[in-house]
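>
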Amino acid sequence: MKTILETERLTLREFTPSDVDDLSLVLCDRENMRFYPNPFERSHVERWIEWSRDLYQRDGFRLWAMRLKDEHQVIGDCGLILQDVDGLTEVEIGYHLRRDRQGRGLATEAARACCDFALGSLGEANRDLAHPARERSVTPSGPAKRNDHRKRDAV
Ligand SMILES: CC(C)(COP(=O)(O)OP(=O)(O)OC[C@H]1O[C@@H](n2cnc3c(N)ncnc32)[C@H](O)[C@@H]1OP(=O)(O)O)[C@@H](O)C(=O)NCCC(=O)NCCS
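Numbering (the working numbering), first residue to last: -3 to 151.
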């Protein structure tokens, strides 16, 4: 398992196929997924993890598994997603957290670390690459906005 980021309370690491049960508690939850067309089915979560692992290889990032340092279970995800915004590929911070862990500032803490990663390592790694996401910026929303990270140029 590849650990990507650590914060005071959290570890963010790459997902593995064995995370499907933990992640299903987050993404198959009807209330949690009320802004999506439907909550995920377990098979969707399996494909979603496979897809994430492909994108780790291709881009070096996507949503990562979020775990409290003092617990073994994965309680959600947080990471970076490429989104098409008006024809421009942008990097967005995404997050989903198990309902019984919400409201404790965990998404804010994880999003802050992901934003720093995007503005630091990711920017360095992509500085000289001809990538469709060459002109990237971080688009804050929800907890990311609370971190007061504003849209920036060419990450
Ligand atoms: C969004 C989510 C990850 C936030 O997790 P969290 O750890 O509870 O967030 P935090 O405790 O860091 O809260 C940060 C701020 O965001 C606010 N917030 C939390 N969920 C929110 C939501 N669904 N809409 C708007 N604001 C929200 C909180 O009220 C808090 O603001 P405050 O400090 O001014 O009160 C969690 O609610 C979740 O998993 N939601 C379902 C999935 C989802 O909608 N993901 C985002 C879009 S893909």
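Where is the CB? At the ideal position from N, CA and C, for every residue including glycine.
With a threshold of 7 Å on Cβ separation, who are the neighbours of residue 64 within its own chain once the five nearest residues in sequence on each side are excluded?
Taking the sequence shown and counting its residues from 1, one reaches residue 64 at position 68. Counting only Cβ-Cβ distances below 7 Å, and skipping sequence neighbours, we find 5, 6 and 71.
> From residue 128 to residue 104, what distance separates their C-alpha atoms?
Counted from its first residue, the sequence shown places residue 128 at position 132. Counted from its first residue, the sequence shown places residue 104 at position 108. Interpretation of residue 128 is limited by its pLDDT of 40, a score under 50 that renders its predicted location unreliable; the figure taken from the coordinates is listed afterwards. Using only the alpha carbons, I get a separation of about 28 Å.
> Per DSSP, what kind of secondary structure is residue 92 in: helix, strand or coil?
As a position in the sequence shown, residue 92 is number 96, starting the count at 1. Residue state, collapsed to three classes: strand.
> Please list, in chain order, all residues of the same chain as residue 116 whose beta carbon is under 6 Å from its beta carbon, the five residues on each side excluded.
Residue numbering aside, residue 116 sits at position 120 when the sequence shown is read from its first letter. Excluding residues within five positions, none has a Cβ falling inside 6 Å.
> So is residue 113 buried or exposed if we call it buried at 16+ other beta carbons inside 10 Å?
Here residue 113 is taken as the residue at index 117 of the sequence shown, counted from 1. Burial call: buried.
> Need the endpoints of the alpha helix (DSSP H) that residue 21 sits in, please.
In the sequence shown, the residue the question calls residue 21 occupies position 25. First-last of the alpha helix (DSSP H) with residue 21: 16 to 23.
> What do you reckon, are the CB atoms on residue 62 and residue 118 nearer than 8 Å?
Taking the sequence shown and counting its residues from 1, the one referred to as residue 62 is at position 66. Taking the sequence shown and counting its residues from 1, the one referred to as residue 118 is at position 122. No, the Cβ-Cβ distance between residue 62 and residue 118 is not below 8 Å.
> Return yes when the Cβ of residue 11 is within less than 8 Å of the Cβ of residue 54, no when it is not.
By 1-based counting over the sequence shown, the position of residue 54 is 58. By 1-based counting over the sequence shown, the position of residue 11 is 15. It is not a contact, given that the beta carbons lie outside the stated cut-off.
> What did DSSP end up calling residue 73 once you bin it into helix, strand or coil?
Here residue 73 is taken as the residue at index 77 of the sequence shown, counted from 1. Strand.
> Between the Cα of residue -2 and those of 93, 58 and 79, spot the shortest distance and give me the residue it belongs to.
For this step, residue -2 is matched to residue 2 along the sequence shown. Taking only the C-alpha atoms, the option nearest residue -2 is 58.
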